[in-house]
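Novice:
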Amino acid sequence: VHPMPAAVSDRTGDPRNDPDRAARDYAAELAALTSPEDHGPVPKFDVCLLGVGEEGHVASVFPSSPAVYETERSVVAVHNCPKPPPVRISLTLPAIRRASEVWLVTTGATKAAAVAMAIGGAGEVQLPAAGAVGRARTQWLLDRAAAGKLPRDLVPPLI
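Per the numbering used here, the sequence shown starts with residue 10, numbered consecutively.
#1: I'd like the list of long-range same chain contacts for residue 58, defined as Cβ closer than 6 Å, with 5 residues on each side in sequence excluded.
#2: What would DSSP say about residue 119, mapped onto helix, strand or coil?
#3: Could you give the C-beta distance for residue 154 and residue 118, rounded to a whole number, given that I count them as a contact under 8 Å?
#4: Measuring straight from C-alpha to C-alpha, what distance separates residue 7 and residue 101?
#5: Looking only at its own chain, which residues have a Cβ that is under 8 Å from the Cβ of residue 158, when we skip the five neighbours before and after it?
#6: Please give the ranges of any alpha helix (DSSP H) in the stretch 107 to 162, keeping only runs that are unbroken, at least 4 residues long and fully inside the region.
#7: Figure out for me which residue from 27, 151, 64, 104 has the closest Cα to the Cα of residue 136.
#8: Ordered along the chain, which non-local residues of its own chain (more than five positions away) have a Cβ less than 7 Å from that of residue 127?
#9: Counting along the chain, where does the beta strand (DSSP E) carrying residue 97 start and finish?
#10: Three-state secondary structure (DSSP) at residue 86?
#11: Quick one: give me the first and last residue of the alpha helix (DSSP H) that residue 39 is part of.
#12: Got a sec, what are the start and stop residues for the beta strand (DSSP E) residue 60 sits in?
#13: Is it a yes or a no for the stretch 86 to 95 touching the stretch 37 to 52, going by three-plus beta-carbon pairs under 8 Å?
#14: So what's residue 70 in DSSP terms, helix, strand or just coil?
#15: Between which residues of its own chain and residue 29 is the CB-CB distance below 7 Å, once the five residues before and five after are set aside?
#16: With DSSP as the reference, label residue 77 as helix, strand or coil.
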């Protein structure tokens, strides 16, 4: 487990509160943890556990946002985020895809359309959850409501 503090300082103007700098610093911290066999800017995570938003965002990568187009950096600053807080940092989809397994967890009927679109093959720009895939395995953990728009053959029977 790699700790990532939620906030460094609440003081406006504190250089440690600059999201672009925080993204660069966190990317450097991740890069320092890599080994030669990782072949990339972040370590190969065993598991990356993510929630999925109603519009299909994962981490802080939202549909059609600058973060969803990022292909080079492992961590980005997110400005004007549609969900609070408006400024944050996030792993990018390429960094998430370094995980051996990606587990996507969500509940509720309001997420059902996004789940069905992501599993059904939507593009990651439209639906970032569709691009959050593991190198070896991608696991969706859903309640019945979130699975409500999936084809019946993809939903296991009740036990």
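We put the beta carbon where it would ideally sit given N, CA and C, even for glycine.
Specialist: On the basis of the coordinates in this document:
#1: 112
#2: helix
#3: 4 Å
#4: In the structure as shown, the chain starts at 10 and stops at 168, and residue 7 therefore has no counterpart that could be examined.
#5: 121, 122, 124, 125
#6: 121 to 128
#7: 64
#8: 65, 136, 138, 139
#9: 97 to 100
#10: strand
#11: 28 to 41
#12: 56 to 60
#13: no
#14: strand
#15: 86
#16: helix
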